[in-house]
Structure formats: C-alpha cells, structure tokens
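Numbering (the numbering used here), first residue to last: 10 to 559.
Take a look at the structure below.
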C-alpha cells in the first residue's frame, strides 16, 4: 500500500476529499461512501516498495531507466479504468503505463513519476488465478486477456487442435504488448501481422472508459489501438482468429553467399501465398563473416560441423556475409507421407549454394518456442540480462540491395555482433492501413532486425559503439535527408518532429485520435510521442512546517 508521505506528495489532497479521509480526516459524518470504498480499493493496489518500483524502472533493453511513483496491480480490467479516472480527477493527472513482461528496449513501458500497471496481476484473485484464455472451437477464435503470454495462448488453443495463425519469434511476451505494435513473424507474408488477425478488443481508454470494439463497432478505436503504441487505450482482451493446428514441421535453412539470389528467392517464396503451397513460414538471417569465423561453435539449430562448413563457405567465396533463408513446412498425419517430396520440389526452384541445405524435423511447439530454448541457454551463460540496443526497421524492397551494401558491407563490415541480424520480406497488402502501424509505401518491404547484445568482453560489449552504429544506420535511412526511406518497427524517436516524420500522412489522424481517446496524454508516456502533463507539485506546507522532499 502507498505510504502516507508519498501519497501526500503524489495527490493534490485538497482537491480530493476522499484522499483526506484516507489520511485520517472524517468525511460524510464518519461514514464511507461506495465511492470512498472504491478509492481505498484502488489505493491498496498501488505498491511503492523499492523492489516493485525498481523492477518497473528497467526493461529488456537495459539502455534507459526511469522510476515510477508506484506499481498498480489490478485484479480486474475495471480496476485499470478506476485508476485512470482517479488520475483524471487530479488538477495535474499522473501518467499511466501498462507493462507486460517489460520486453521493450527503450523505456516504452515506463511512467516516470507516474504509475506503471503490472498487467500480469489481472485475474489474480488471491486464492486462485484465472488464466483469462477461452477458446471457441465452433467459431474458431480465442479470447485472451491482454496480459496473457502467447506461449500460454498456444498451449490452450492446442488442447482443442487449434492455433493462432501468426507468431512472433519469441512467445513469452504479452498479447496486449504485441498488438500495440503489430506482431510480426515468418507467417506474416501469408496472414499479415498479428494485428490483422484480431476480430474484437476490450480497451480501457485514456478517459477511463471500458469499450468493446471491432471493425464494425467502435471501429475508430479498434483500428487506432492496433499498432497504436499504447497511446489510445489499454488492451485488456483480444479475440484472435484460429486455424487447425499442424503436428510437426520441416524446419529448413538454406545458405547463400550473394544477397541477390537470397532476396530473389525470398520474394519468390512470399509470393506463394495459397494455403498448401510453398513454405508456411519464411524468414531470413544475415551472418557476418566475423561472426561465423570467430563466433560460437554451435547454436540451437546448427551443429558445430554445420557452422564450420558455413565459415568455410564465407572464406572460400570471400563473402562479407552469409545469408540464409529459414523456412518451415507444416504437416500432420494426413500429409506426412508427401511432405518430403513437396519440400524437395520447392527447393528445386531456389538458387542457394548447392549442398548447403540444413533440415530439422520438429514438433510444432518445439519450432514455435525455439527462442524460448535459446533464452534458457543465454540465461545460463549470463548473456540474457545485458544491454540490448536493438534496432528494427522496415526497408522498401526497391532499396534493400542499397541497404545491404551500405550497412552489412559498409557500416557493419568489421563488426562481430553478439546476437542476430534478421532480414526477410513481407507483403504490404496483408496490412490494414486503417491501423496505426506504419510500413513503407511499396508492395513488398523487408523487416530488418539488428538484434545485438552488449556482452562484456567483446566488441559487442561496447554499448556506445553499438549505438553509434545504430545512429549511422538511421542516418542512412532518413528520407528527409535523402536516405532510403525506412520505417522503424518498435519505434523510438527522440523528438516530436521525429514522430511526425514516422507517421507521415497519418500524423493528423493520430493526433486527432489522441485528443479523442486520451486528451490529457496520460497513457504510455515512455513512447515520447505526446508530452505528458507536468508532474504534480507537493501541497503547500502548513504554517511553521518546513517543506521537505519526499
């Protein structure tokens, strides 16, 4: 519970009679009203102890830190609405930021001097926890709380032989978190991002309203929130489309020493969008020469022998990088007999380096949770809770070869990064432009992720060096400066002008929606898009009482 001294400085007590009651003054003849009881219930769920605020002041990125005044642990979505209404009742509202697993990298879920909402507390009723995941088999959807982890959605849906269609590479993040950005992965070329696979949402707006929305009902809010970076409301439930789940996966990686056939083949593969044709999942990675020749000797997919062969390919061809397409072909009992023939026929259409095909057979869950296993390895090695100055971009297809030459063969030519570099294409017509998420204005664009970690003891351990390289890449991409016109995914901009350029022609609509659904700009201030209200001032001291900082 919030201690008295902090509460006094946090709320303007003279404007809120119930607060005075909480501090010991009688009200309504000593009888608490239902409003007072509700207020006391909300206050009891705000935690200000050091451990709680310290955890909420950092995130996966470990790049920036900002301490909230408290952490709110709601039991029901209505608690979040009540917290927001409490904020709005103040002369100077406090900011509110929902936080799932804290997997952001630049403080996007921070609320400096405000309240962070611990979304994982939803459904916790003390003696039991409701998982808030309900599957409709007949209508082929799952209702999942915004706080639910995708790994738990997966396991619940699989009990009914069903699965969501699109997955992020890492599953231990929340439904509300990915839908507030877009949620991309190797299935997006066929089904669009996760936000394109949502039927309905429950949202708590910045006005403290609890609204159910869909493409047909309250559609402006529905499209605003999906990809909306938490600016218009807190997602407390999402209804997500399902399909029959496969049982197993042919998991394939094929290597290239030249970017031209690599991108040509990727674009061929994402053109095969009909169900049952081509791969069901298409991604790609770039391994710089130094990473292959001086990096780890094994990985969760490649054996030590595989990596030695790839390093030899880089040396023999003189390539700065080795590229590989990662594909997955789903199958079940009915298609098991034909999947190998189907895979062989598809590989015959591609122009990879012959002999450099690596195939694993895995269960569907094993494939989808591949990064979860890698996480355990990194935690064991002490390489998980380290700075992650990640940079994610959407690059127009027309400029991807220029990007490759300038970045992988230029800025990062001599880099030895710890982490991954992703590079794979998506189809723009699978995205709904009514949503807030931003993509380049071309039919095909590439997701490029510089997912590097600053691990002590190597060149990757220098956070400042990684940040300088990121800055050079962003300068290259700056369309205003004659660059190649990238869009940031999981964006971070240091100025209002940066955000205006990010949203481009959508900026006016974004600003209008903000004024409609969060006019006091209290939601998700860590994004830095709209300036939050100034922090509350402490109440005036009584006569003869010194003013002290809390």
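Backbone N, C-alpha and C define an ideal beta-carbon position, used for all residues, glycine too.
All values reported here derive from a predicted model rather than from experimental measurement.
query                                                                                                                                                                : result
Identify the continuous alpha helix (DSSP H) that holds residue 373 and give its terminal residues.                                                                  : 373–377
Between which residues of its own chain and residue 392 is the CB-CB distance below 8 Å, once the five residues before and five after are set aside?                 : 427, 462 and 464
If I follow the unbroken alpha helix (DSSP H) through residue 526, where does it start and stop?                                                                     : 516–526
Secondary structure at residue 77, three-state DSSP: helix, strand or coil?                                                                                          : coil
In terms of alpha-carbon separation, which member of 380, 529 and 412 lies closest to residue 194?                                                                   : 380
What number of angstroms, rounded off, separates the C-alpha of residue 501 from the C-alpha of residue 331?                                                         : 29 Å
Return yes when the Cβ of residue 335 is within less than 9 Å of the Cβ of residue 453, no when it is not.                                                           : no
Could you check what DSSP says for residue 297 in three-state terms: helix, strand or coil?                                                                          : strand
Would you mind sorting residue 224 into buried or exposed? The rule is 16 or more other CB atoms within 10 Å of its CB.                                              : exposed
For the pair the region 280–297 and the region 243–250, tell me if three or more CB-CB distances fall below 8 Å.                                                     : no
Hey, would you say residue 323 sits closer than 9 Å to residue 266, going by beta carbons?                                                                           : yes
Assess, as a yes-or-no matter, whether the region 409–424 is touched by the region 502–519 under the definition of 3 or more beta carbon pairs within less than 8 Å. : no
Residue 111: which of 204, 178, 357 and 68 sits nearest, CA to CA?                                                                                                   : 68
Measure the CB-CB distance between residue 234 and residue 212 and report whether it falls below 9 Å.                                                                : yes
For the 8 Å Cβ check, are there 3 or more pairs between the region 115–122 and the region 67–82?                                                                     : yes
When the Cα of residue 310 is compared with those of 349, 303 and 366, which residue comes out closest?                                                              : 366
Take residue 369 and list the residues in its own chain whose beta-carbon comes closer than 7 Å to its own, dropping the five residues that flank it on each side.   : 260 and 310
Only counting the same chain, and skipping five residues up and downstream in sequence, which positions put a Cβ closer than 7 Å to that of residue 192?             : 175, 177, 202, 203 and 204
Considering only residues of the same chain and omitting the five flanking positions on each side of residue 541, which have a CB-CB separation below 8 Å?           : 104, 123, 530, 531 and 534
When the Cα of residue 441 is compared with those of 80, 350, 214 and 200, which residue comes out closest?                                                          : 200
Rounded to a whole number of angstroms, what is the C-alpha to C-alpha distance between residue 228 and residue 434?                                                 : 29 Å
Out of 449, 146 and 411, which one is the CA nearest neighbour of residue 437?                                                                                       : 449
Could you please give the first and the last residue of the uninterrupted beta strand (DSSP E) stretch that includes residue 221?                                    : 219–222
Do you know how far the Cα of residue 458 is from the Cα of residue 256?                                                                                             : 29 Å
Assign residue 272 to buried or exposed, taking buried as 16 or more other Cβ atoms, counted over all protein chains shown, within 10 Å of its Cβ.                   : buried
Please name the residue, chosen from 456, 356, 210 and 396, that lies closest to residue 471 on a Cα-to-Cα basis.                                                    : 396
Pull up the distance between the alpha-carbon of residue 188 and that of residue 236, whole angstroms please.                                                        : 6 Å
When you compare only the Cα positions, how much space is there between residue 152 and residue 411?                                                                 : 43 Å
Pull up the DSSP beta-bridge partners for residue 106, would you.                                                                                                    : 125
Between the beta-carbon of residue 83 and the beta-carbon of residue 66, is there less than 9 Å?                                                                     : no
Can you give me the C-alpha to C-alpha distance between residue 127 and residue 64, rounded to a whole angstrom?                                                     : 10 Å
Does DSSP put residue 369 in a helix, a strand or coil?                                                                                                              : strand
In chain order, what are the residue ranges of uninterrupted beta strand (DSSP E) at least 3 long that sit wholly in the region 197–273?                             : 207–214, 219–222, 242–253 and 257–265
Per DSSP, what kind of secondary structure is residue 364 in: helix, strand or coil?                                                                                 : coil
What residue ranges within the region 379–438 form continuous alpha helix (DSSP H) runs of no fewer than 4 residues, ordered along the chain?                        : 379–389 and 409–412
Considering only residues of the same chain and omitting the five flanking positions on each side of residue 47, which have a CB-CB separation below 7 Å?            : 91
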